[in-house]
Structures are given as structure tokens and as C-alpha cells.
Amino acid sequence: MRRGGIVILLIGLILLVGAAALFFLLQQPGGGELIGGAQPTSALATEVPEVQIVRARVDIPANTLIADTTLLDVITVPQTEFDPAKNFSSSGEVVGKLTTRLFRANEFIVKAGLTEPGLSQQIPTAEAERARDKAYPFIVNNLSGVADRIVPGDFVDVVATFNVPRRWSYPTGRDEQTLTRSLDDLIFVSTRTIVQRAQVLQIVRPQVSAEGTPVPGAAPGSGSLPQVDASGQPIEPASGQASGPITAEAWTLLLALNDQEVELIEFALASNARMVLVLRGAGDEAFEPTIGATLDLLISEFGLPLPYALPPQVVSEEVAFTPEPTRTPAPTRVP
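Numbering (the working numbering), first residue to last: 461 to 795.
Right under this line is the structure:
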């Protein structure tokens, strides 16, 4: 009996230790899992944030100017699939770029496949019943370029004023056998709008020095610049006034013109006509018919009144050939 009691005590002690160990295991995280069962997960996996990325909606061939968002799609992808050095997150970053290779539909647009468009890609497409425009350089200054208030995308008209020579033969006398005539070369002025609705593609301004002043001689002289005198005032046509230096503040406008309009401007330049630009208002697409302006048109069409000719002052021979005495200046008066 004594020996059986010891065995009972040992069994009870073992059961007590096992119960304590079981209780301790149940208090630990994941302690309810059985040995050899599935291992508990330590934590939920971190969710990857999503970002926007630009891709091609349809096939975009090489050398295509992406003018708007009709060729693009913006989708959401995990951030791990987006490379800031290669991909775009906004369609606005792609619009206005030129493709250098083919992009297939649903392919991501990459920066290596785009470049800045050249001037030829910026020329508008052909309008109905009109050949596609070409880029033409037109030199202006503050007198002919609307005081540098023109920006790319504006539309302008070109107005030219020509000096037209006319030979005038007027009879001055007649005797029994011959008729005497005087032969004079007179200059008449004619003004006309020769180009309408020319779009400004780009503006090339003169180089600016470190002091912030334009470099003299940065732009060559051109017939499209109004002639000015030494004080910067415009010279009136046919006034006989000597031509002064062209203002240095000249810049070049690249206009979209067809061949006929280029021929008109080139003829005006070769004729030393004075040309100025007229800035159109936003949305003004009207073609305005004009009849030009000459002196006879101003009289007949616009009612310009002509003054009566003043009688000439007749100077006698005594006054014309008798020298006037030398005048001595009066003494300076002290106030």
C-alpha cells in the first residue's frame, strides 16, 4: 500500500505539472494551435498603394504630334509598376509632344519615346480649299509689331503701303511749230491689306545682354520695318527725309502663310513698301473685303474734301534781286 500511494502521488504531480504547462501555453499568442498544425500568421500583408499612369488608347505611329488627349488613357496601377523616371502620371505631360517610335494600344507612354516637336509639326493642317500653310519669317519692331503685344497663337493681318511713281508730262508752252512740255516724276501712295488671318507660330526675340538691353544689330534691316529717323520717329513716305538707323529692338515673327501670301509680302519687300501688322481679336475669323486707300479713293469713296488752291504769291523783280540789308541783333533786354 505504501508503494502504491507513492505511485498515485507521482501521477498526481505529473498531472498537475501538465495542467500548469497547458495553461501557460494557452495564455501565449497562437497558443491554441496544436503542435504540428498550421503555423500562425504574424500580421496581415501591407497593401501596395495605387497611382495613375498614362498609356496609349490606340496605336500611335512614330512622328505623331499628340495634340490632345484623344489618343491617351489614364489608368490606375500598383505603385510598384510605376517608374517616375520613365512613365507619366498625367496626360497633360504628354500633350504637345512628338512620338519618336510606335506605341501600341494599351502600351504605357514612356519618356524615351517622346520629344519636343519642331516647327514643321506646329504648322496647322490644311483648311478646306486652301493649301497647307508654310512658316515665313517676318521682322517687326515696336512700330510694326503692335508694340510687342503679340503672342504665339494670335492671328494678324499685314497692311502694306507702296510708293508708286508716276511720270507727269504737262504742257508749258506752244508756238507755231512745237509744243513745250515739262516732264516730272511724281510719287503717289497706295495702301492695301495684302494678308489676312495669318497665324503666329513662334516669336524669336533678340538676344539680351547682361544689362538687360537688346544687342544692337541683333536683327538685320528689312523692308517690313517702318523707316525711322535718328530720333526714332517714323519717316513719312515720299517726304524726302533721309533714312535714319533702324531701331535695334527688332524681333522675328514666324507666320503661317500660303505661297500666294508669301509672294505678296516678298513683292512688297522688294518694292520697299512699309508694312505693319494688325492684331485680330480672339475668335475673329472673318475675311474683311477692302478696296485699299489712295487719294482718289479717299475723295470719291470716302468724301475727302479738297481745299481750294491758294493763289501763288507773286514776287517782283525788285524784291527778288535786291539784297536785304544785314540785320544787327537787338541788345539783350534785362528784365
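Positions of the beta carbon are idealized from the N, C-alpha and C atoms, including for glycine.
| Residue interval of the alpha helix (DSSP H) (run including E726) | Numbered from 1 along the sequence shown, position 266 holds the residue referred to as residue 726. Run containing E726: D719 to A730, per the alpha helix (DSSP H) assignment.
| field | Beta-bridge pairing of A527 - partner residues as DSSP gives them | value | By one-based count along the sequence shown, residue 527 stands at place 67. Paired residue(s): none; A527 is not in a bridge.
| said: Does K594 come out as helix, strand or coil in the three-state DSSP assignment? | reply: In the sequence shown, the residue the question calls residue 594 occupies position 134. Three-state DSSP puts K594 in a strand.
| request: May I have a chain-ordered list of the beta strand (DSSP E) segments no shorter than 3 residues that lie completely inside the region 599-640? | output: 615-634
| Reduced DSSP category for I647 - H, G, I as helix; E, B as strand; rest coil | Residue numbering aside, residue 647 sits at position 187 when the sequence shown is read from its first letter. Strand.
| query | Can you tell which of P625, P785, V611 and Q667 has its C-alpha closest to the C-alpha of R740? | reply | Stepping through the sequence shown from its first residue, residue 740 is reached at position 280. The shortest C-alpha separation from R740 is found at V611.
| DSSP state of A481 mapped onto helix, strand, coil | In the sequence shown, residue 481 corresponds to position 21, counting from 1. Three-state result, A481: helix.
| query | Enumerated in chain order, which unbroken segments of the alpha helix (DSSP H) with a length of 4 residues or greater are wholly contained in the region 541-601? | reply | 579-582
| Supposed contact pair V660 and V616 - C-beta distance, whole angstroms, cut 8 angstroms | Mapped onto the sequence shown, residue 616 falls at position 156. Mapped onto the sequence shown, residue 660 falls at position 200. Yes, V616 and V660 are in contact; Cβ-Cβ is about 6 angstroms, under 8 angstroms.
| For the alpha helix (DSSP H) that contains L757, what are its first and last residues? | Within the sequence shown, residue 757 is the residue found at index 297, counting from 1. First-last of the alpha helix (DSSP H) with L757: L755 to S760.
| task | Express the C-alpha separation of I535 and S551 in angstroms, rounding to a whole number. | result | For the purposes of this step, residue 551 is taken as the residue at position 91 of the sequence shown. For the purposes of this step, residue 535 is taken as the residue at position 75 of the sequence shown. If I take the Cα positions, the gap works out to 11 angstroms.
| task | Report the option in E567, I526 and V518 whose CA atom is closest to the CA atom of F542. | result | Locating residue 542 in the sequence shown gives position 82, counting from the first residue. Ranking the options by Cα distance to F542, first place goes to E567.
| G578 to L766, Cα distance in whole Å? | Here residue 578 corresponds to residue number 118 of the sequence shown, with the count starting at 1. Here residue 766 corresponds to residue number 306 of the sequence shown, with the count starting at 1. Approximately 55 angstroms, taken between the alpha carbons.
| Using the C-alpha atoms, what's the distance from P538 back to T507? | Residue mapping note: residue 507 aligns to position 47 of the sequence shown, counting from 1. Residue mapping note: residue 538 aligns to position 78 of the sequence shown, counting from 1. In the sequence as presented, Thr is not what sits at residue 507; that position holds Glu. Near 10 angstroms, if we compare the C-alpha coordinates of P538 and E507.
| field | Paired residues, beta bridge with Q662 - DSSP | value | Sequence index remark: in the sequence shown, residue 662 carries index 202 (1-based). Q662 pairs with L714.
| Beta-carbon separation (whole angstroms), V738 vs V619, contact threshold 8 angstroms | Here residue 738 corresponds to residue number 278 of the sequence shown, with the count starting at 1. Here residue 619 corresponds to residue number 159 of the sequence shown, with the count starting at 1. Correct: roughly 6 angstroms between the Cβ atoms.
| query | Is it a yes or a no for the region 589-609 touching the region 709-726, going by three-plus beta-carbon pairs under 8 angstroms? | reply | yes
| task | Could you check if N732 is buried or exposed, using at least 16 other CB atoms within 10 Å of its CB as the buried criterion? | result | Taking the first residue of the sequence shown as 1, we reach residue 732 at position 272. So N732 counts as exposed.
| task | Find out if the Cβ-Cβ distance for the pair A658, L717 is shorter than 8 angstroms. | result | In the sequence shown, the residue the question calls residue 658 occupies position 198. In the sequence shown, the residue the question calls residue 717 occupies position 257. It is a contact, given that the beta carbons lie within the stated cut-off.
| Where R515 and L532 are concerned, what is the direct C-alpha to C-alpha distance, given to the nearest angstrom? | Position 55 of the sequence shown, counted from the start, is the residue given in the question as residue 515. Position 72 of the sequence shown, counted from the start, is the residue given in the question as residue 532. Whole-angstrom Cα-Cα distance: 6 angstroms.
| message | Here's the rule I'm using: 16 or more other beta-carbon atoms within 10 Å means buried, otherwise exposed. How should Q656 be labelled? | response | Here residue 656 corresponds to residue number 196 of the sequence shown, with the count starting at 1. Looking at its Cβ environment, which holds 16 or more other Cβ atoms inside 10 Å, Q656 is buried.
| request: State the beta-bridge partners of E709 as determined by DSSP. | output: As a working note, residue 709 is residue 249 in the sequence shown. According to DSSP, E709 bridges with nothing at all.
| request: Would you tell me roughly how many angstroms separate the C-alpha atoms of S604 and M735, rounded to the nearest one? | output: Working through the sequence shown from its first residue, we reach residue 604 at position 144. Working through the sequence shown from its first residue, we reach residue 735 at position 275. Cα to Cα, S604 sits roughly 7 angstroms from M735.
| task | Quickly, what does DSSP pair A516 with across the bridge? List them, please. | result | If you number the sequence shown from 1, residue 516 lands on position 56. Answer by DSSP bridge pairing, in chain order: L532.
| said: My output table needs one value for V779: the three-state DSSP class, helix, strand or coil. | reply: Residue mapping note: residue 779 aligns to position 319 of the sequence shown, counting from 1. V779 falls in the helix class under three-state DSSP.
| query | If L643 and R627 are in contact, beta carbons under 8 angstroms, what's the gap, nearest whole angstrom? | reply | Here residue 643 refers to the residue found at position 183 when the sequence shown is read from its first residue. Here residue 627 refers to the residue found at position 167 when the sequence shown is read from its first residue. Contact flag correct, Cβ pair sits at about 7 angstroms.
| field | Close-in-space but distant-in-sequence residues of the same chain around I474 (CB under 6 angstroms, 5 per side omitted) | value | By 1-based counting over the sequence shown, the position of residue 474 is 14. Excluding residues within five positions, none has a Cβ falling inside 6 angstroms.
| query | Does the distance from the C-beta atom of I562 to that of E576 stay below 8 angstroms? | reply | As a working mapping, residue 562 is identified with position 102 in the sequence shown. As a working mapping, residue 576 is identified with position 116 in the sequence shown. According to the sequence shown, residue 562 is Leu rather than Ile. No, they are not a contact pair.
| query | Closest to S629 by CA distance: which of A481, I526, L758 and L639 is it? | reply | Translated into positions along the sequence shown, residue 629 becomes position 169. Comparing Cα positions, the closest option is L639.
| field | Beta-carbon proximity check, R652 vs W711, cutoff 8 angstroms | value | Within the sequence shown, residue 652 is the residue found at index 192, counting from 1. Within the sequence shown, residue 711 is the residue found at index 251, counting from 1. It is not a contact, given that the beta carbons lie outside the stated cut-off.
| As assigned by DSSP and simplified to three states, the class of Q667 | Here residue 667 refers to the residue found at position 207 of the sequence shown. Q667 falls in the coil class under three-state DSSP.
| query | DSSP on A698, reduced to helix/strand/coil? | reply | Locating residue 698 in the sequence shown gives position 238, where the first residue counts as 1. With a pLDDT of only 41 at A698, under 50, the local geometry of the prediction cannot be trusted, and the value read off the model is given with reservation. Coil.
| message | Starting from V736, trace the beta strand (DSSP E) in both directions and tell me its first and last residue. | response | Residue numbering aside, residue 736 sits at position 276 when the sequence shown is read from its first letter. Looking at the DSSP string, the run of the beta strand (DSSP E) that includes V736 is R734 to L739.
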